[in-house]
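In the order they appear, the protein sequences are chains D and Z.
All letters in the first sequence, in the order written, are residues 1 to 251 by my numbering.
All letters in the second sequence, in the order written, are residues 252 to 514 by my numbering.
No residue lacks a Cβ here, since even glycine has one placed at the ideal position from N, Cα and C.
Computed from a predicted model, the values in this text were never measured in an experiment.
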Amino acid sequence: MVEFRDVDKRYGNGPLVLERINFSAQPNDFIGLIGPSGCGKSTLLKLIAGLSPVTAGAIAIEGAAPATAANNLAFIFQEPTLLPWLTVAKNVEVPLRLRLASAAHRRETRKNALALVGLAGRENSYPRQLSGGQKMRVSIARALSIAPKLLLLDEPFGALDEITRGHLNEELLAIRQRQAWTAFFVTHSVAEAVFLSNRLFVLSANPGRLHRELRIDLPYPRTADTRQSRDYQQLVAEVSRLLRSVETIAA
Amino acid sequence: MPRKLLNVLLPAATGTLFIAAWYAVCFSLNEDNRFLLPTPGEVLGALRDNQDTLAHATLNTAEGALLGFALSAAVSFALALGLSLSSLVRVSLYPYLMILQMMPVIVFAPILVLWVGPGLKSVTIITFLICFFPLVVNTTQGLVSTDHNLVDLFKMYRATKWQEIFLLRVPAALPYFFTGLRIAAVLAPIGALVGDYTAGSSAGDGGGLGFQAIIYSSQAEYPALFATAAVTCVLGFILVAAVLALNWLALHQWHDSFERTDK
Numbered sequence: 001m002v003e004f005r006d007v008d009k010r011y012g013n014g015p016l017v018l019e020r021i022n023f024s025a026q027p028n029d030f031i032g033l034i035g036p037s038g039c040g041k042s043t044l045l046k047l048i049a050g051l052s053p054v055t056a057g058a059i060a061i062e063g064a065a066p067a068t069a070a071n072n073l074a075f076i077f078q079e080p081t082l083l084p085w086l087t088v089a090k091n092v093e094v095p096l097r098l099r100l101a102s103a104a105h106r107r108e109t110r111k112n113a114l115a116l117v118g119l120a121g122r123e124n125s126y127p128r129q130l131s132g133g134q135k136m137r138v139s140i141a142r143a144l145s146i147a148p149k150l151l152l153l154d155e156p157f158g159a160l161d162e163i164t165r166g167h168l169n170e171e172l173l174a175i176r177q178r179q180a181w182t183a184f185f186v187t188h189s190v191a192e193a194v195f196l197s198n199r200l201f202v203l204s205a206n207p208g209r210l211h212r213e214l215r216i217d218l219p220y221p222r223t224a225d226t227r228q229s230r231d232y233q234q235l236v237a238e239v240s241r242l243l244r245s246v247e248t249i250a251a
Numbered sequence: 252m253p254r255k256l257l258n259v260l261l262p263a264a265t266g267t268l269f270i271a272a273w274y275a276v277c278f279s280l281n282e283d284n285r286f287l288l289p290t291p292g293e294v295l296g297a298l299r300d301n302q303d304t305l306a307h308a309t310l311n312t313a314e315g316a317l318l319g320f321a322l323s324a325a326v327s328f329a330l331a332l333g334l335s336l337s338s339l340v341r342v343s344l345y346p347y348l349m350i351l352q353m354m355p356v357i358v359f360a361p362i363l364v365l366w367v368g369p370g371l372k373s374v375t376i377i378t379f380l381i382c383f384f385p386l387v388v389n390t391t392q393g394l395v396s397t398d399h400n401l402v403d404l405f406k407m408y409r410a411t412k413w414q415e416i417f418l419l420r421v422p423a424a425l426p427y428f429f430t431g432l433r434i435a436a437v438l439a440p441i442g443a444l445v446g447d448y449t450a451g452s453s454a455g456d457g458g459g460l461g462f463q464a465i466i467y468s469s470q471a472e473y474p475a476l477f478a479t480a481a482v483t484c485v486l487g488f489i490l491v492a493a494v495l496a497l498n499w500l501a502l503h504q505w506h507d508s509f510e511r512t513d514k
């Protein structure tokens with residue numbers, strides 16, 4: 001689905017941000033990316049999205065270069081990045097509108113997407129009338145509106161409170177049960193990374209390297225109960241230890 | 252006392268105090284100098300006595316002010332779009348726009364009359380020039396300050412340049428555009444008056460408020476001169492109110508400058 005072969009990345013003449021990144025993501029993988037600040041997690045997403053070119057090496061998305069794979073790819077940013085002058089409904093329709101989809105198709109898709117994130121009935125609200133969690137739901141609905149095969153999430157829940165964050169984690173997995181997409185999820189939260197991912201990439205910084213990959217073999221569907229399980233808690237402890245050791249190297 | 256009542260009473264009290272102080276100054280002047288400052292009552296009287304002349308002059312000035320204002324809004328919007336499209340164009344032109352903004356338009360008014368003739372044309376052009384710079388500077392600023400996350404989003408979804416401009420940059424710039432319009436609305440009647448003052452006098456249609464100001468001033472009809480100033484204020488007020496109404500229509504549902512209506 002997504003392949004990195006010896007990918008290096010630097011911005012301009014700056015230092016290497018990413019060095020010799022190699023991996024191969026399979027369809028339906030949920031890959032968590034975790035690591036200290038400056039390890040290039042967000043850069044890695046930008047490379048996949050084709051928002052920035054690689055310095056060396058190659059990326060293939062279903063065999064094609066990132067720039068040509070954009071049609072099946074959706075990005076969810078750290079901020080909800082809603083257009084404040086559009087209603088919730090119009091915001092969700094933006095990607096389809098940019099692709100000149102018919103009004104009927106847009107309406108149908110928007111309804112389904114908003115229902116998926118539990119915001120049916122808020123079509124006519126404006127973003128400023130929504131809470132932080134609701135705005136992020138709209139942002140997710142917008143990403144889902146193009147029926148992506150590849151979903152890139154850059155710390156989407158970082159600004160939310162712990163409880164909202166937990167709910168949205170569960171909802172994201174519930175949506176994934178119904179739609180098949182491959183996900184790359186950048187986060188600073190070990191608990192979130194373990195809860196969501198089936199593969200977890202731990203990156204080290206300066207330059208960013210793939211330090212270690214962990215398989216998270218907790219069975220899906222994962223629910224709030226998963227967090228109570230001993231396996232989950234052990235994994236969280238293990239990843240935390242690993243992350244501390246990586247951060248010590250970086251420091 | 253409830254805040255709402257205070258909000259009405261306090262400005263009313265300030266106004267009353269101001270008028271009282273005005274009368275006090277008038278009556279403290281000695282007999283020889285009384286003509287220098289007419290009382291509010293005398294100004295109102297002059298307004299009534301000259302209402303036909305003033306109404307006609309106001310319409311003339313309003314016509315120039317509106318034409319100049321509208322022309323300025325349209326041209327500055329188009330220019331700002333051009334400037335926002337290319338940083339090369341921006342770098343080439345922007346410094347001169349900033350310098351031109353400092354240019355005292357009034358100095359060129361007499362020569363403008365020679366170029367295009369007196370009357371409405373000159374008045375419109377002078378108003379246009381005075382309104383132009385705050386509009387173009389604000390609008391350009393708005394068009395280039397779009398949230399870069401939103402620009403990334405549009406890039407992500409492979410928006411065309413035109414989609415990026417008209418679905419993203421233009422709506423995002425609206426608050427800036429309206430700030431420019433508000434400033435221009437204050438300037439427009441003054442611009443029209445100044446234009447009229449220098450260029451309206453020989454127009455066949457009897458001139459506008461600026462021309463009346465010259466006449467009243469030369470005839471030492473100071474109450475009427477004050478009345479002319481008051482009418483200009485009202486004209487500015489109406490224009491600003493109209494812009495604020497448009498601003499409200501365009502922005503109140505989504506922009507943070509308007510209070511939340513619900514949560």
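Cβ atoms of residue j and residue i: under 8 Å apart, would you say?
{"i": "residue 181 of chain D", "j": "residue 200 of chain D", "result": "no"}
{"i": "residue 476 of chain Z", "j": "residue 468 of chain Z", "result": "yes"}
{"i": "residue 31 of chain D", "j": "residue 183 of chain D", "result": "yes"}
{"i": "residue 75 of chain D", "j": "residue 49 of chain D", "result": "yes"}
{"i": "residue 188 of chain D", "j": "residue 202 of chain D", "result": "no"}
{"i": "residue 186 of chain D", "j": "residue 45 of chain D", "result": "yes"}
{"i": "residue 479 of chain Z", "j": "residue 464 of chain Z", "result": "yes"}
{"i": "residue 273 of chain Z", "j": "residue 291 of chain Z", "result": "yes"}
{"i": "residue 446 of chain Z", "j": "residue 377 of chain Z", "result": "yes"}
{"i": "residue 334 of chain Z", "j": "residue 345 of chain Z", "result": "yes"}
{"i": "residue 136 of chain D", "j": "residue 98 of chain D", "result": "no"}
{"i": "residue 138 of chain D", "j": "residue 91 of chain D", "result": "yes"}
{"i": "residue 324 of chain Z", "j": "residue 432 of chain Z", "result": "yes"}
Could you pull the DSSP bridge partners for residue i from this structure?
{"i": "residue 10 of chain D", "result": "D/16"}
{"i": "residue 75 of chain D", "result": "D/152"}
{"i": "residue 50 of chain D", "result": "Answer is none; residue 50 of chain D lacks a bridge partner."}
{"i": "residue 209 of chain D", "result": "D/204"}
{"i": "residue 56 of chain D", "result": "D/8"}
{"i": "residue 182 of chain D", "result": "D/150"}
{"i": "residue 24 of chain D", "result": "D/3"}
When we look at the beta-carbon of residue i and count the other beta-carbons within 10 Å, is it buried (16 or more) or exposed?
{"i": "residue 13 of chain D", "result": "exposed"}
{"i": "residue 269 of chain Z", "result": "exposed"}
{"i": "residue 126 of chain D", "result": "buried"}
{"i": "residue 149 of chain D", "result": "buried"}
{"i": "residue 301 of chain Z", "result": "buried"}
{"i": "residue 214 of chain D", "result": "buried"}
{"i": "residue 85 of chain D", "result": "buried"}
{"i": "residue 6 of chain D", "result": "exposed"}
{"i": "residue 267 of chain Z", "result": "exposed"}
{"i": "residue 358 of chain Z", "result": "exposed"}
{"i": "residue 368 of chain Z", "result": "exposed"}
{"i": "residue 100 of chain D", "result": "exposed"}
{"i": "residue 444 of chain Z", "result": "buried"}
{"i": "residue 141 of chain D", "result": "buried"}
{"i": "residue 265 of chain Z", "result": "exposed"}
{"i": "residue 509 of chain Z", "result": "exposed"}
{"i": "residue 223 of chain D", "result": "exposed"}
{"i": "residue 417 of chain Z", "result": "exposed"}
{"i": "residue 252 of chain Z", "result": "exposed"}
Report the residue from the options whose alpha carbon sits nearest the alpha carbon of residue i.
{"i": "residue 338 of chain Z", "options": "Z/418, Z/394 and Z/443", "result": "Z/394"}
{"i": "residue 313 of chain Z", "options": "Z/281, Z/370 and Z/342", "result": "Z/370"}
{"i": "residue 164 of chain D", "options": "D/178, D/123, D/203 and D/117", "result": "D/117"}
{"i": "residue 41 of chain D", "options": "D/95, D/206, D/230 and D/219", "result": "D/206"}
{"i": "residue 24 of chain D", "options": "D/11, D/175, D/16 and D/3", "result": "D/3"}
{"i": "residue 442 of chain Z", "options": "Z/367, Z/341, Z/279 and Z/484", "result": "Z/484"}
{"i": "residue 400 of chain Z", "options": "Z/419, Z/331 and Z/502", "result": "Z/419"}
{"i": "residue 505 of chain Z", "options": "D/82, D/145, D/170 and D/227", "result": "D/82"}
{"i": "residue 132 of chain D", "options": "D/78, D/109 and D/104", "result": "D/78"}
{"i": "residue 316 of chain Z", "options": "Z/347, Z/487 and Z/493", "result": "Z/487"}
{"i": "residue 18 of chain D", "options": "D/29, D/38 and D/51", "result": "D/38"}
{"i": "residue 113 of chain D", "options": "D/98, D/103 and D/175", "result": "D/175"}
{"i": "residue 381 of chain Z", "options": "Z/391, Z/265, Z/285 and Z/320", "result": "Z/320"}
{"i": "residue 245 of chain D", "options": "D/233, D/216, D/218 and D/204", "result": "D/204"}
{"i": "residue 362 of chain Z", "options": "Z/333, Z/430 and Z/374", "result": "Z/374"}
{"i": "residue 392 of chain Z", "options": "Z/378, Z/311, Z/428 and Z/404", "result": "Z/428"}
{"i": "residue 289 of chain Z", "options": "Z/474, Z/348 and Z/325", "result": "Z/474"}
{"i": "residue 196 of chain D", "options": "D/240, D/172, D/209 and D/178", "result": "D/172"}
key: Every unbroken alpha helix (DSSP H) within the stretch 266-315 of chain Z, with a cutoff of 4 residues, ordered by chain   = 291-300
key: Those runs of the alpha helix (DSSP H) which lie wholly inside the stretch 415-481 of chain Z and span at least 4 residues   = 421-450 and 460-469
task = Pick out the complete alpha helix (DSSP H) segments inside the stretch 97-165 of chain D, 4 residues or longer, and give them in chain order.
result = Secondary structure remark: continuous alpha helix (DSSP H) runs of at least 4 residues inside the stretch 97-165 of chain D, in chain order: 103-116 and 132-144.
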